[in-house]
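Trainee: First the structure, then my questions, so here it is.
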Ligand SMILES: CC(C)(COP(=O)(O)OP(=O)(O)OC[C@H]1O[C@@H](n2cnc3c(N)ncnc32)[C@H](O)[C@@H]1OP(=O)(O)O)[C@@H](O)C(=O)NCCC(=O)NCCS
């Protein structure tokens, strides 16, 4: 895919993605609720599209964290994913996502899942590419970006330390 390079700053609202799925039995567990892996796959796609809309480049998932399954999603319910870029750094972007289950008969919605993902923009050869700066238009957007910057430092430190952690050593022995 050819990538026209533009580093003009972009508003967070330009990256917003809303994606809807219908929970069918093939994506359910033995209890008749969503299989977590399917929801994680949809999250990955929804957030990747948000990151692509910001960067207008190909992106790969670098990390997925703060993933919480707050409530189950029943078969037959609509699954509404909403993602947007929260902060842009040099080649990476933090993207936030929420997932709601919607009762198709009543229209009632419930938060079921939320997560934070980081994507890195890469060229065809896998080389990192710079991404546009994020324009924060409101105090809330600025706060979200500031908090993402703090999380980024913690995330990178954790990723660096992971191979030395006890659980990692236990699995790798
Ligand atoms: C993600 C990836 C490109 C990072 O490459 P790297 O050589 O570690 O690159 P760097 O250390 O120079 O970091 C590049 C950027 O990624 C970010 N990054 C690296 N590791 C990260 C992590 N674990 N979590 C979040 N961001 C991370 C860095 O902060 C940096 O961002 P910046 O340019 O905005 O400062 C590389 O590890 C990769 O290709 N991973 C596989 C991606 C993939 O296949 N995803 C699909 C999931 S199966």
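Residue numbers (my numbering): 1 to 173.
The C-beta atom is built at its ideal place from N, Cα and C for all residues, glycine as well.
The model shown is predicted, which means the values in this text are computed figures rather than measured ones.
Give me the DSSP bridge partner(s) of residue 116.
Mentor: Note: residue 116 sits in a beta bridge opposite 65, 96.
Trainee: Any idea what DSSP makes of residue 24, helix, strand or coil?
Mentor: Coil.
Trainee: Which residues have their C-beta within less than 7 Å of a heavy atom of ligand 1, listed in chain order?
Mentor: Matched residues: 60, 61, 62, 63, 89, 90, 91, 92, 118, 120, 122, 126, 128, 152, 155, 156, 159.
Trainee: Measure the Cβ-Cβ separation of residue 28 and residue 75 and say whether it is below 8 Å.
Mentor: Contact flag set, yes.
Trainee: Which one of 78, 12, 71 has the shortest CA to CA distance from residue 22?
Mentor: Residue 22 has its Cα closest to that of 78, out of 78, 12, 71.
Trainee: Residues in its own chain within less than 7 Å of residue 10 by CB, not counting five upstream and five downstream?
Mentor: Answer for residue 10: 54, 132, 134, 135, listed in chain order.
Trainee: For residue 83, which of 72, 120, 42 has the nearest alpha-carbon?
Mentor: If we check each option's Cα against that of residue 83, 42 comes out closest.
Trainee: Helix, strand or coil for residue 56, going by three-state DSSP, please let me know.
Mentor: Here residue 56 sits in coil by DSSP.
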